[in-house]
Every structure is written in structure tokens, then in C-alpha cells.
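The numbers in my numbering rise by one with no breaks, and the one at position 35 of the sequence shown is 120.
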Amino acid sequence: MSKKEKDKNYFLIYFENNFNDKVKLDINKNNIFDRSVITNNSNPDEYTGKLIYKMDGSDKYIMNIQGENTKTCFEIPLNKSFRIIYLFYYQNKWIIRFSNQIRTN
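Below is the structure:
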């Protein structure tokens, strides 16, 4: 991520492989997303892709995610040094990858 991009006050959150669930995502207890996520492109009318969350100047950011159908959840602190967050759901486990690089493959 370039210095110009790092200076912007947002997190990019990408939903990656194997989602087929209704996902609720909160940051600092503020709901920012509550929709179905399907990442296999079988139903283009459902949400696929990324979220952009504009930071509000808080010192700390805590992300809480709940999968309704999978009955899973987790809470994790966000680091402002890593603005890009990739979320995977694989073999019944959440995988969270923090980065400053946008995946291009």
C-alpha cells in the first residue's frame, strides 16, 4: 500500500473463498454489514466482494463477525498499520489475513 493510500482513513474488508452464509459484521459495536455473502458466483444477486469501513478517529478498532448459518463468531482487534483484511471460511474455520497489499490474482 502506498503512503498516499496509508494516509486514508479506512479499512478494506474482502470476503474470500467458500462463503455461503448470512454474515453480520460489527466494528466497535456498530453494525456495518448484515447480509448474505456468497463467493462462488453462483448467484450474482447476492453480495460478493469487499467492504470499505471509514475510520472514525477511535484509538482502537474491534471487529466482531458472526455467521448465522454456520453458528460461528469471532472478535479480533484491528491494527491501523494493516488496512486490508481478507476473510476466508475454510473447513469450518475462519481465516483472517491482514495485509497492505491488494491481491491481484
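The beta-carbon is built from N, C-alpha and C at its ideal position, and this holds for glycine as well.
Here the structure is a predicted model, which means the values were calculated and not measured.
For residue i, which three-state DSSP category applies?
{"i": "S143", "result": "coil"}
{"i": "G134", "result": "coil"}
{"i": "I98", "result": "strand"}
{"i": "I123", "result": "strand"}
{"i": "Q186", "result": "coil"}
{"i": "N115", "result": "strand"}
{"i": "Q151", "result": "strand"}
{"i": "N177", "result": "coil"}
{"i": "N105", "result": "strand"}
{"i": "F159", "result": "strand"}
Taking all protein chains shown into account, do 16 or more other C-beta atoms lie within 10 angstroms of the C-beta of residue i, making it buried, or fewer, making it exposed?
{"i": "D106", "result": "buried"}
{"i": "I147", "result": "exposed"}
{"i": "I180", "result": "exposed"}
{"i": "I150", "result": "buried"}
{"i": "I187", "result": "exposed"}
Among the options, which one has its Cα closest to the Cα of residue i?
{"i": "I169", "options": "N149, I137 and N154", "result": "I137"}
{"i": "T124", "options": "T157, S143, Y174 and K109", "result": "Y174"}
{"i": "N154", "options": "L110, Y99 and S121", "result": "S121"}
{"i": "F104", "options": "F183, L172, L97 and R182", "result": "L172"}
{"i": "F100", "options": "L110, K139 and K156", "result": "L110"}
{"i": "D119", "options": "K165, G152 and S143", "result": "G152"}
Step through the CB atoms of chain D and report whether any lies within less than 8 Å of the CB of residue i.
{"i": "L136", "result": "Going by chain labels, chain D is absent from the structure shown, which holds only one protein chain."}
(message) Does the segment 114-121 come into contact with the segment 161-175, if we say contact requires no fewer than three beta-carbon pairs (one atom in each stretch) closer than 8 Å?
(response) Per the Cβ contact rule, the segment 114-121 is not in contact with the segment 161-175 (fewer than 3 Cβ pairs under 8 Å).
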